[in-house]
Amino acid sequence: MKRIFLLTFVFLVVVSNNIAFSQKSQLRVARNSIGKLQVAINNKKDNKAQLDILGEGIKAAEAAQNDRKTRKWSETWAIKAYLSSYLSILDGNEVNSDRYYGLAIDAIDSAKRLDRFEDNARLIEASIYNINIKKQNKANNAFKNNDFTTAFNLLKEVSDFFPKDTSLAINTALSAQNIRAFDSALIYFKRAKDNGAKDPAIFQTLSKLYTSKFEHENAIKSLEEGIAVNPYNGNLTNDYINLLLDSEKYPEAIRTIEQNLKVTTNNKLLFFLYGYLQQKAAGYNTAEMAYNKALELDENYFDALYQLGLAYVDSAN
């Protein structure tokens, strides 16, 4: 979970000399509320104290937005956006929180439109950051309630804002899978992988998604990347060997099995597959040895028994 964006500077009473007092007073109160908020946070004041400050600041910002002059200033809307976005995260009342979430989004739009010289860029940036935290919270609730469409639509925006966050990318991909948006799932699983996620399931899922698109080389590559960061993982190895077999890449499959058998000596399936591939290449003696190894691990392993019988027949002929 990302933290709320806190401005690193404090707004104190800053009064521009070229505006009348009647116009500046409410904006000044709104400005100062940001400084008060930061002081409250630094002093570890409780949520109620912070909400009181936010309420005072938003009220003043709304008064400033209704003034015929200050309503045209980007700062008015940027302050309202920041305070509203912060409140939308802090307020435990969902209805209230969602209300300020909407107000913050509208205020951000106005602030950006009026900020011709980017004087309020930091406030706007902080507001957008906080809005994305709120979106993530809403998405998590939607996911818990099995509303995967809403979860995906929100999470993809948050993941695009925080593209390096692998957990967000994975959750976005999972939401996409649940609504059968497989192309989108592929994009976000790949984002997670490209940014360092190492969970074997990610590579397996990527491989399956590529396979469903008949992109077999990408499917194989995904498993190779997974094995590189998860050496000798049984599930990845089995999927990889099966893909090599499906693609008739028999020499690669044999090399992979041989490498794994040096480390994994209790996998009957590996011995069986090794025997099968040797049998296809007329290496009957090696095939028989591999089948017997598989049967040592499971004497009732029917596939190995059956293929061993065929190997005896083939070698006799």
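Numbering (my numbering), first residue to last: 1087 to 1403.
In this text, a Cβ means the ideal position worked out from N, Cα and C, and glycines have one as well.
All of these numbers come straight from a predicted model, not from anything done at the bench.
Just verifying my parser: in three-state terms, what is the DSSP assignment at Pro1249?
coil
Under the three-state reduction of DSSP, which class applies to Asn1324: helix, strand or coil?
helix
So which of Leu1176, Lys1166, Asn1182 and Ala1267 has the shortest CA-CA distance to Ile1194?
Lys1166
Please report how far the alpha carbon of Glu1243 lies from the alpha carbon of Asn1218, in whole angstroms.
8 Å
Euclidean distance between Cα positions of Leu1347 and Gly1320:
11 Å
Select from Asn1403, Ala1402, Ala1367 and Tyr1362 the residue whose C-alpha is nearest the C-alpha of Leu1391.
Tyr1362
Leaving aside the five residues before and after Gly1282 along the sequence, list all residues of the same chain whose C-beta is less than 8 Å from its C-beta, in chain order.
Thr1252
With C-beta atoms as the reference, is Leu1356 less than 9 Å away from Ile1327?
yes
When you compare each of Gln1124, Ala1147 and Leu1200 to Lys1158 by their alpha carbons, which one comes out closest?
Leu1200
Between Gln1136 and Leu1176, is the Cβ-Cβ spacing less than 9 Å?
yes
Under DSSP, the alpha helix (DSSP H) around Thr1342 begins and ends at which residues?
Tyr1336 to Leu1347
Glu1385 (DSSP reduced to helix, strand or coil):
coil
Supposed close pair Leu1080, Thr1258 - CB separation, criterion 8 Å
With the chain represented from 1087 up to 1403, any question about residue 1080 goes unanswered, as that position is not in the structure.
Excluding the five sequence neighbours on either side, which residues of its own chain have a C-beta within less than 7 Å of the C-beta of Ile1105, listed in chain order?
Note that Ile1105 scores a pLDDT of 45, beneath 50, so its modelled location is shaky and nothing firm can be said.
Straight-line CA distance for Asp1138 to Lys1131?
11 Å
Is DSSP giving Ser1333 helix, strand or coil here?
coil
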